[in-house]
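> Here's a structure for you.
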Amino acid sequence: MSLIAAATPPRWQQELARAIRDPAELLNILRLEDDLLPAAKAAAKLFPLRVPRGYVGRMRPGEPNDPLLRQVLPLGVECNPAADFLTDPVGDLQAMTADGVLHKYHGRVLLVLTGACAIHCRYCFRRHFPYAEAHAGRQRWQDALNYLYEHPEVDEVILSGGDPLSLNDRRLSDLAQKLAAIPHLKRLRIHSRLPIVLPERLTDDLLAWFAGNRLQPIMVVHANHAQEIDQRVAEGLLKLKQAGVTLLNQTVLLRGINDSAAHLSELSHRLFETGTLPYYLHLLDKVQGAAHFDIPEAEAKRLLAELSTCLPGYLTPKLVKEEAGKPNKTLLPPRMPLADETRSG
Ligand SMILES: *Cc1c(COP(=O)(O)O)cnc(C)c1O
Ligand code: SF4
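Residues in the sequence shown are numbered from 1 upward in steps of one, following UniProt numbering.
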């Protein structure tokens with residue numbers, strides 16, 4: 001018994017703890033049929049369901065194909081093995097140089113800080129990642145910092161995961177201070193889906209350690225559909241923008257969710273209203289359990305060509321795929337359909 005009351009956790013941590021993990025509860029809230037339940041339970045055994053309540057609040061009740069629901073609802077097809085779909089499709093395990101340090105590309109190093117995410121996206125290539133062994137836990141940060149001191153050609157650190165913003169501000173602020181003390185570093189980048197799925201995470205403390213630092217702050221958020229960006233999310237992003245953070249977005253191209261020029265164009269416009277520029281449009285990483293989301297490369301290139309005709313250049317994302325062992329992400333050019341293809345199509 002202590003006379004000092006435990007401090008109430010910040011709102012975002014309460015929301016994180018209240019996230020929905022039971023497929024039956026999710027279907028019930030959305031007034032969806034129970035016939036989806038057995039498959040959802042089976043697939044959730046491979047990769048558990050996890051979704052914040054606020055994100056569920058942006059889904060349309062009664063609509064099994066809602067583009068937000070489709071990103072999180074476990075489906076029976078995930079259990080079917082698919083040829084060419086692997087458990088470590090981007091070769092991250094080979095590239096891991098010290099604990100939690102991924103140094104694949106020139107000048108920038110990615111730190112895997114945690115395996116935890118606020119949401120479990122069914123298409124995620126990390127669904128099979130052995131995080132328990134492979135992330136820079138607090139005691140291992142020193143190894144990562146030593147690695148950075150020894151590599152003066154690195155000028156940018158990317159905090160990643162899992163979701164790095166699932167760590168609390170005290171720990172992140174401690175890390176940011178240690179990074180700022182490394183003289184050759186210039187930029188600090190965060191890759192996070194939390195500003196989209198749990199905007200409460202954008203606390204004043206976060207703005208203070210992230211934007212009040214010697215390093216130039218960049219936030220790469222991850223939105224796949226305009227419907228994800230409601231008023232609350234927009235306010236959070238604009239707050240980051242006003243604090244001087246460069247805001248970019250990456251999207252994964254997903255069958256049945258955002259695979260049309262109309263959807264992607266709407267997303268780009270919505271992002272720009274929030275001060276965010278479209279950065280990458282990723283082809284799906286070929287991870288076991290996600291084959292039903294896949295869009296073939298040729299179709300993706302045609303989609304990008306169509307998108308390019310209806311958006312300004314600065315609102316058109318770069319189409320990329322990740323390939324093990326390459327010095328950068330592979331850029332895929334838009335491909336206009338040939339004249340005879342359009343005629344016969
Ligand atoms: C994507 C990625 C980066 C960042 O690449 P940019 O092209 O600079 O956005 C860095 N390291 C790893 C391992 C990556 O996968
Ligand atoms: S938030 Fe990112 S890392 Fe986490 S499950 Fe979704 S896509 Fe994967």
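Note that CB positions come from ideal geometry on N, CA and C, so glycine has one too.
Which of the three DSSP states is assigned to M336 in this structure?
coil
> If you measure between the beta carbons of K186 and L148, is that distance less than 8 Å?
It is not a contact, given that the beta carbons lie outside the stated cut-off.
> Work out the CA separation of P10 and A180 for me, nearest whole Å.
26 Å
> Verify the CB distance criterion: does I295 have a CB-CB separation below 8 Å to chain C?
Reference to chain C is not applicable here, since this structure consists of a single protein chain.
> When every heavy atom of ligand 4 is checked, does at least one fall within less than 7 Å of the C-beta of Y105?
With respect to small molecules bound, the structure shown includes ligand 1 and ligand 2 and not ligand 4.
> Based on DSSP bridge pairs, tell me the residues matched to P217.
L188
> Compute the distance between the beta-carbons of A144 and V197, then report whether it is under 8 Å.
no
> Would you call the CB atoms of A116 and S166 closer than 8 Å?
yes
> Under 6 Å Cβ to Cβ from I72, same chain only, skipping five residues before and after it: list those, please.
In the sequence as presented, Ile is not what sits at residue 72; that position holds Val. Hits under 6 Å: V51.
> Taking 7 Å as the limit between beta carbons, can you name the residues of its chain near E306, skipping five residues before and five after?
So the list reads A261, once near-sequence residues are dropped.
> So within the segment 48–132, which uninterrupted beta strand (DSSP E) runs reach at least 3 residues, ignoring any that extend past its ends?
96–98, 101–105, 108–112
> Who are the Cβ neighbours of L281 in its own chain at under 6 Å, not counting the five residues just before and after it?
T251, L253, P317, L319
> How long is the line joining the alpha carbons of Q242 and E228, rounded to whole angstroms?
21 Å
> Run the proximity test for H222: is its beta-carbon closer than 7 Å to any non-hydrogen atom belonging to ligand 2?
yes
> Might you give, ordered along the chain, the residues of its own chain that have their beta carbon closer than 7 Å to the beta carbon of I257, omitting 5 neighbours on each side?
P67, R70, Q71, N224, H225
> Using 8 Å as the threshold, is the C-beta distance between S265 and L304 below it?
no
> Among L277, Y55, L75, R31, which residue has its Cα nearest to the Cα of R18?
Y55
> On a CA-only basis, which of L247, L30, A290 is nearest A43? Give me that one, please.
A290
> Quick check on the DSSP output: the alpha helix (DSSP H) that includes L265 runs from which residue to which?
Correcting the residue type first, residue 265 is Ser in the shown sequence and not Leu. Counting along the chain, the alpha helix (DSSP H) containing S265 begins and ends at 261–273.
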